[in-house]
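Numbering (the working numbering), first residue to last: 2 to 135.
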């Protein structure tokens, strides 16, 4: 279904609200050509919204994740201000999930795939945390 779209990268980039070059788009195109791609994606969203059951072998992990324990380690959260999937925020709505030191940053001109779209901003945040003295 989407595989044909990938032959027209300008259209596809616009649909996914990204600006990937032809080589990057081609590198990921095979995911769209899987015969079960649409089914898997739709199930993923349904499961995330609580409208479909998950896989039984992962149920224990699902229960542990659902408890959403407070994150106690130093954290930097990142939002891309051009994310067409989850709009950028000031971070206040998730602040209660963190009990340790936390910074929230909004990265300009970046969409939903922040590590790929701005690897420097992502790596900088990781490096800042990894190099902190404890």
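Beta carbons are placed, not taken as given, at the ideal position from N, Cα and C, and that holds for glycine.
Burial state of residue i (16 or more Cβ within 10 Å)
i: residue 79; result: buried
i: residue 126; result: buried
i: residue 111; result: buried
i: residue 84; result: buried
i: residue 51; result: exposed
i: residue 102; result: exposed
i: residue 118; result: buried
For residue i, three-class secondary structure by DSSP
i: residue 50; result: coil
i: residue 3; result: Because residue 3 sits at a pLDDT of 47, beneath the cut-off of 50, its placement in the model cannot be relied upon, and the following sentence gives the value as read from the coordinates. Three-state DSSP puts residue 3 in coil, outside helix and strand.
i: residue 9; result: Low local confidence applies: a pLDDT of 47 at residue 9 is under 50, so the model's placement there is unreliable, and no value is given.
i: residue 88; result: coil
i: residue 93; result: helix
i: residue 36; result: coil
Close beta carbons around residue i, own chain, < 7 Å, minus the five adjacent residues each side
i: residue 7; result: For residue 7, the predicted model reports a pLDDT of 48, less than 50, meaning its position is unreliable; a value from the coordinates is still stated below. Excluding sequence neighbours, residue 7 sits near 13, 26, 30, 33.
i: residue 41; result: none
i: residue 130; result: 75, 77
i: residue 2; result: With a pLDDT of 41 at residue 2, under the threshold of 50, the predicted position of this residue should be treated as unreliable, though the coordinate-derived value follows. Correct list, in chain order: 39.
Per DSSP, cross-strand counterpart(s) of residue i
i: residue 1; result: Outside the modelled stretch of the chain, which goes from 2 to 135, sits residue 1, for which no answer is possible.
i: residue 99; result: 72
Span of the alpha helix (DSSP H) around residue i
i: residue 1; result: Lying outside 2 to 135, the shown extent of the chain, residue 1 is not represented and no answer is given.
i: residue 131; result: 120-131
i: residue 113; result: Run containing residue 113: none; DSSP gives neither H nor E here.
i: residue 31; result: 23-33
Neighbourhood of residue i by C-beta distance below 6 Å, restricted to the same chain and skipping five residues each side
i: residue 116; result: 123
i: residue 81; result: 108, 111, 112, 115
Cutoff 8 Å; reference residue i; Cβ partners in own chain excluding five residues on either side
i: residue 120; result: none
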